[in-house]
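Here full-length UniProt numbering is used: the first residue of the sequence shown is 1, the next is one more, and so on. Even for Gly, the Cβ is constructed at its ideal location relative to N, Cα and C. See below for the structure under consideration.
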Amino acid sequence: MRIKYFKKRLYLQLILGLLFISCCIYSILYSDDISIWIGYTYLVVGIFHIADFFKNNSRYIIIENGSIEEKKLFGANTKMGFDEIQTIEKLDGNYILKSETKKLVIKTDLIDNTSLLKLMEILKNIDLPPEKNYFIRFKTQN
């Protein structure tokens with residue numbers, strides 16, 4: 001199962017990046033020598049927005065075969081088996097899965113609502129003591 005991110009936020013980053021890069025091109029072509037640096041500033045900001053788009057577009061959380069894996073840009077994936085998880089916490093709206101050697105932070109504000117409900121149900125069913133699983137406190141609909 002794939003946990004997907006909001007598409008609206010992704011496309012907003014792409015549009016902003018393209019807008020800043022178009023401002024860069026306009027500024028470089030139609031400005032004098034002193035204000036050309038503003039165009040380069042637009043270029044840097046536009047590149048950061050497009051990089052953020054690609055970073056978040058490639059990030060998915062994949063849950064299969066008793067493990068949870070966060071896909072990141074350039075293949076820097078974090079994979080953790082359900083049996084490795086020692087605690088599940090919620091801090092500042094993010095879910096933090098901890099094992100002895102790894103820590104996986106799931107940013108809930110980026111996740112689509114239907115996918116978030118599925119993720120919460122799966123995390124609730126992980127076999128942990130009640131004091132170590134944040135989701136045990138909540139009742140879910142069956």
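>> Just to confirm the assignment: which complete beta strand (DSSP E) runs, minimum length 3, are found wholly within the stretch 92 to 135?
In response: For the stretch 92 to 135, whole beta strand (DSSP E) runs of length 3 or above, ordered along the chain, are 94 to 98 and 103 to 107.
> Once you ignore the five residues that flank Tyr60 on each side, which residues in its own chain have a CB closer than 6 angstroms to its CB?
Replying inline: If you number the sequence shown from 1, residue 60 lands on position 60. Cβ within range, chain order: Arg2 and Lys71.
> Is the beta carbon of Phe85 sitting closer than 8 angstroms to the one on Tyr95?
Replying inline: Taking the sequence shown and counting its residues from 1, the one referred to as residue 85 is at position 85. Taking the sequence shown and counting its residues from 1, the one referred to as residue 95 is at position 95. Correcting the residue identity first, residue 85 is Ile in this sequence and not Phe. Taking 8 angstroms as the Cβ cut-off, Ile85 and Tyr95 do not qualify as a contacting pair.
> Nearest-angstrom Cα distance between Leu123 and Phe135?
Replying inline: By one-based count along the sequence shown, residue 123 stands at place 123. By one-based count along the sequence shown, residue 135 stands at place 135. For Leu123 and Phe135, the distance between alpha carbons rounds to 7 angstroms.
> Given that a residue counts as buried once 16 or more other Cβ atoms are within 10 Å of its Cβ, and exposed if not, what is Gly17?
Replying inline: Taking the first residue of the sequence shown as position 1, residue 17 is located at position 17. Buried.
>> Looking only at its chain, what residues have a beta carbon closer than 8 angstroms to the beta carbon of Ile21, apart from the 5 residues adjacent to it on each side?
In response: What you label residue 21 is simply residue 21 of the sequence shown in a count that begins at 1. Excluding sequence neighbours, Ile21 sits near Tyr42, Leu43, Gly46, Ile47 and Ile50.
> Tell me, which residues are paired with Lys87 by DSSP?
Replying inline: Reading the sequence shown from its first residue, position 87 is the one you call residue 87. In the sequence as displayed, the identity of residue 87 is Thr instead of Lys. Beta-bridge pairing by DSSP links Thr87 to Lys98.
> In three-state DSSP terms, what is Ile15?
Replying inline: In the sequence shown, residue 15 corresponds to position 15, counting from 1. DSSP, read as helix, strand or coil, puts Ile15 in helix.
> Smallest Cα separation from Leu128: which of Ser27, Leu104, Thr87 and Ile111?
Replying inline: Here residue 128 refers to the residue found at position 128 of the sequence shown. Nearest C-alpha to Leu128: Thr87.
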